[in-house]
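Residue numbers (our numbering): 1 to 403.
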């Protein structure tokens, strides 16, 4: 049996037949020499665009000094990054990981260990919500609860009770003597850019306070400016006890983080958790550089301005093409376009127009431009969307006539 002359990468991604060799700002240059407007941003990772000068300088400088030295020793730059994240948030402690899934594993462990350390190891179950996406490890897949991700990997890990998003009565019924906490995304990205009213989050906070539970936010996608503030919980006005970050935290360099209050983290003692690469000097340098840029005065005000502009312009396209699009949703620069046509067809049509987007649940297409996107680039993206809609409408009309 001869081996096929195909890619040796494990075929778990349905990759588009498109590759890139360089990028700058909101633009990517393909190996075919074509320029593409990138409104995927590595799925909300490249928040400062491609090859941001400050990030490049920080990473290059660190690369000449130290790549890795193990968490057996102190990390001055890691301490600085943790202090900055705590200063900007509710947290007292930070644990650095390498990805969103790892950050979420830490959130789950912190939530469970909190109760075990208080003499209640039976309190290990966490309430999660339909449409959520928390990662690809066995624990985070169980927290996600989606059959399409769990299929074929054996019985899901025990300890998660999923309820409908926005149903506070279902949450109340799910709380029992073995409940440890409630886990929710401030805005579901993968699930279709969905979010319940702010009052729902306030009700969750109240339930946690009344029942001695920890409230955990998954801000892997929404954190680091994506919804118009450094963290989405600030816009909601509800403070969690523990929270995950990743994606945009390193601006493209892999790093995740679990943030927690001193009370929530009270069970985490030496040896209770760890990571070989977590808080790697290169990752920490990148994340500190991201914060340098994002914490400059006016950064998030500009993000909010660009968000309003994009949503208004997208809404006008929806009005003109109701046979292709039906709705605009989202916060900040995490924008969802609800499609009438199959969302995959819209993503492909936009790719043909050299505009890169990414699908989500509920037949939604996400627009995730870098936070440094310009007005001209927003205008360009809308023009390309318009062209894609015209072609999709024409194709639909032609198909209908043929039938």
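Cβ atoms here follow ideal geometry from the backbone N, Cα and C, with glycine treated the same way.
Predicted model, so just to flag it, every value in this text is computed and none were measured.
Query, Result
"Starting from the Cα of residue 245, find the closest Cα among 135, 154 and 342 and give me that residue.", "135"
"Suppose you measure from the CA of residue 240 to the CA of residue 198; what does that come to, to the nearest Å?", "13 Å"
"Does the stretch 35-42 touch the stretch 268-276, meaning 3 or more C-beta pairs lie closer than 8 Å?", "no"
"Under 8 Å by Cβ, that's how I've got residue 407 and residue 124 pegged, so tell me the actual separation to the nearest angstrom.", "With the chain covering only 1 through 403, there is no way to say anything about residue 407."
"From this set, 133, 312, 361 and 389, which residue's C-alpha is nearest residue 351's C-alpha?", "389"
"Taking three-plus beta-carbon pairs below 8 Å as touching, is the stretch 167-174 in contact with the stretch 340-358?", "no"
"Given this structure, state the Cα-to-Cα distance separating residue 153 from residue 313, to the nearest angstrom.", "43 Å"
"Taking 9 Å as the cut-off, decide whether the C-beta atoms of residue 216 and residue 94 are in contact.", "no"
"Kindly indicate which three-state DSSP category residue 86 falls into: helix, strand or coil?", "helix"
"Return the CA-CA distance between residue 2 and residue 9, expressed in angstroms with no decimal places.", "Residue placement at residue 2 is flagged as unreliable, the pLDDT there being 45, under the threshold of 50; the coordinate-derived value follows with that caveat. If I take the Cα positions, the gap works out to 17 Å."
"Would you kindly check if the distance between the Cβ of residue 88 and the Cβ of residue 187 is under 9 Å?", "no"
"Please classify residue 383: does DSSP put it in a helix, a strand, or coil?", "helix"
"Kindly give me the distance between the Cβ atoms of residue 28 and residue 36, rounded to whole angstroms, as I take these residues to be in contact under 8 Å.", "5 Å"
"Using only alpha-carbon positions, find the residue among 326, 296, 66 and 380 that is nearest to residue 285.", "66"
"Counting beta carbon pairs with one atom in the stretch 63-81 and one in the stretch 201-212, are three or more of them shorter than 8 Å?", "no"
"Can at least three beta-carbon pairs, one atom from the stretch 252-269 and one from the stretch 91-111, be found at a separation below 8 Å?", "yes"
"For residue 24, which beta-bridge partners are listed by DSSP?", "27"
"Please confirm if the stretch 299-316 is in contact with the stretch 373-384, defined as three or more CB-CB distances below 8 Å between the two stretches.", "yes"
"Which of helix, strand or coil does DSSP assign to residue 128?", "strand"
"Under the rule that 16 or more other beta-carbon atoms within 10 Å means buried, what is residue 15, buried or exposed?", "exposed"
"Less than 7 Å between C-beta atoms, sequence neighbours within five positions excluded: which residues of the same chain meet that for residue 46?", "251, 252 and 370"
"Just mark residue 344 as buried or exposed, buried being the case when its beta carbon has 16 or more other beta carbons within 10 Å.", "exposed"
"Taking residue 320 as part of the alpha helix (DSSP H), name the residues at either end of that continuous run.", "299-320"
"Which runs of the alpha helix (DSSP H) at least 4 residues long sit entirely within the stretch 46-76? Give them in chain order.", "53-63"
"From the DSSP output, in three-state form, read off residue 7 for me.", "coil"
"Taking Cβ positions, are residue 290 and residue 349 nearer each other than 9 Å?", "no"
"Consult DSSP for residue 294 and reduce its assignment to one of helix, strand or coil.", "helix"
"Residues in its own chain within less than 7 Å of residue 236 by CB, not counting five upstream and five downstream?", "186, 198 and 201"
"Between the beta-carbon of residue 260 and the beta-carbon of residue 183, is there less than 9 Å?", "no"
"Of the residues 225, 263, 162 and 327, which one's Cα is nearest the Cα of residue 295?", "225"
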